[in-house]
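Its first residue numbered 12, the sequence shown is counted upward by one per residue in our numbering. All C-beta atoms in this analysis are idealised placements derived from N, C-alpha and C, irrespective of residue type, glycine included. Quick caveat: nothing in here was measured; it's all calculated off a predicted structure. A short write-up of the structure that comes next.
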Amino acid sequence: MLIASIGLNMDSTPVIIGAMLISPLMTPILGVGLSLAIFDFKLLRKSFKILAIQILASLIASTLYFYLSPISYASSEIVARTSPTIWDVLIAFVGGIAGIIGARKKETNNIVPGVAIATALMPPLCTVGYAIASANLKFIIGSSYLFLINCSFIVIATYIGVRLMMVKKHYFKDNEEDSKMRRILLLVAVLLMIPSFISATTLVRETLKKESLKKFISEQFQGYNILKKTYSKKTHTLKLTISGNYLTEEELDMISSKRGDYGLSDVSVQVSQLSDSEQLSKEELVEHFFQYIKDKEAKEKEKANKFDTESEEQ
């Protein structure tokens, strides 16, 4: 738990992966799924008790760590655990299936460690600790939802896997209780998937819009230095600060009229033109200079990656 918290705090993927490998959460979660499949309520209570203790200990440790840590900003690894989508549901479900297959095998295998990395149980739980320490309600809801998705769909996958592969018929209860259990699990799955579908749809739309904005800027302002670019999701406004040959109002209107070709009809474009550096303060000049260098490096990196891909295809 502390290892995962440190990895999230330092934005270190290798440390987070290490924390996933030694996470103790997978075993009681598999135990919950197994106990539901064979109607062993003694095992169910025991698994829930162990899981609850581990969750509580992880939350306390991670909250204390992030409360005391001098690094308080939300790293990219933390932010990544606050917006779960339908793909997280699929990962958890497939991971649960793989986990029960790995648990069934007697010989040593690398399935369970792989599942631990793929499903990533500990990082979202530690992200909840960060959110509590920083009093960020949005992060609390998002990371808690991701952890709930992971746990629930691993349990459901384990239930299905046990029923299909491992258990003899005499373990089962009568058809009425069996049907009731299946209906409950199906209801839980559907209720958990609905927000993830909405989140996935939003993510896809934002990604497509981001690509459209990028294409619009690169094609319509080709030959100009883009000193600053910002996009407001709330007002659907694209603000650009450019330098180069001066564009007249008619030319800007013509560029703006082409927004529909990029699927950006709802976006308003505001362009600030700089004919010389005297219009900028010292701070603004430095800011725009570094933004220009950053954009230039990004373009060169993109070209290099494209060249590497083309070389491999040849």
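- Judged by their CB atoms, Leu-32 and Thr-169 are not nearer to each other than the 8 Å cut-off.
- Leu-47 is positioned such that its CB atom lies no closer than 8 Å to that of Met-176.
- For the set Leu-62, Leu-197, Ile-17, Thr-96, the Cα lying nearest the Cα of Tyr-78 is the one of Ile-17.
- Distance check between Pro-25 and each of Ile-97, Glu-88, Ser-94 places Glu-88 closest, using alpha-carbon atoms only.
- For Met-37, the closest C-alpha among the options Gln-281, Leu-136, Tyr-141 is that of Leu-136.
- Thr-169: member of the alpha helix (DSSP H) spanning 148 to 172, first to last residue.
- Ile-97 sits close to Phe-208, with the two beta carbons spaced by under 8 Å.
- Of the residues assessed, Met-265 falls on the exposed side of the cut-off, its CB having fewer than 16 other CB atoms within 10 angstroms.
- Residue state for Lys-226 is assigned as helix, using DSSP reduced to three classes.
- Cβ atoms of Leu-13 and Tyr-141 stay farther apart than 8 Å, at about 13 Å.
- Comparing alpha-carbon positions, the option among Leu-285, Glu-260, Leu-275 lying closest to Ile-237 turns out to be Leu-285.
- As computed with DSSP, Lys-240 is found in a beta bridge with Leu-251.
- Beta-bridge partners of Gln-231 (DSSP): none assigned.
- With 16 or more neighbouring CB atoms inside 10 Å of its own CB, Gln-65 falls in the buried class.
- Per DSSP, reduced to three states, the secondary structure at Val-282 is strand.
- In the three-state scheme derived from DSSP, where H, G and I count as helix and E and B as strand, Asn-256 is classed as coil.
- Look at the beta carbons and you see the stretch 149 to 159 not touching the stretch 43 to 57: under three pairs across the two are nearer than 8 Å.
- Using a Cβ-Cβ distance cut-off of 8 Å, the stretch 197 to 216 and the stretch 240 to 254 are not in contact, since fewer than three pairs of beta carbons, one from each stretch, lie closer than that value.
- Assigned with DSSP and collapsed to three states, Ile-89 falls in helix.
- Residue burial annotation: Gly-172 is buried, with at least 16 other C-beta atoms found within 10 angstroms of its C-beta.
- When Cβ pairs closer than 8 Å are counted between the two stretches, the stretch 241 to 261 is seen to touch the stretch 274 to 281, the count reaching three or more.
- DSSP places Ala-68 in the uninterrupted alpha helix (DSSP H) bounded by 52 to 79.
- Counting along the chain, Thr-138 sits inside the alpha helix (DSSP H) bounded by residues 133 to 144.
- Shown here for Ser-145: same chain residues with a beta carbon closer than 8 Å to its own, the five before and five after excluded, namely Phe-77, Ser-83, Ala-85 in chain order.
- In the structure shown, the three-state DSSP call for Tyr-84 is coil.
- Close CB contacts of Thr-93 within its chain, under the 6 Å cut and outside five residues either way in sequence, are with Phe-150, Gly-153, Ser-154 (chain order).
- Rounded to whole angstroms, the gap between the alpha carbons of Glu-262 and Val-90 is 40 Å.
- In this structure, Ser-210 keeps its C-beta atom at 8 Å or more from the C-beta atom of Leu-132.
- Here Ala-103 really is in contact with Ile-165; their C-beta atoms are around 6 Å apart, less than 8 Å.
- Taking C-beta atoms as the reference points, Tyr-273 and Ser-223 count as a pair closer than 8 Å.
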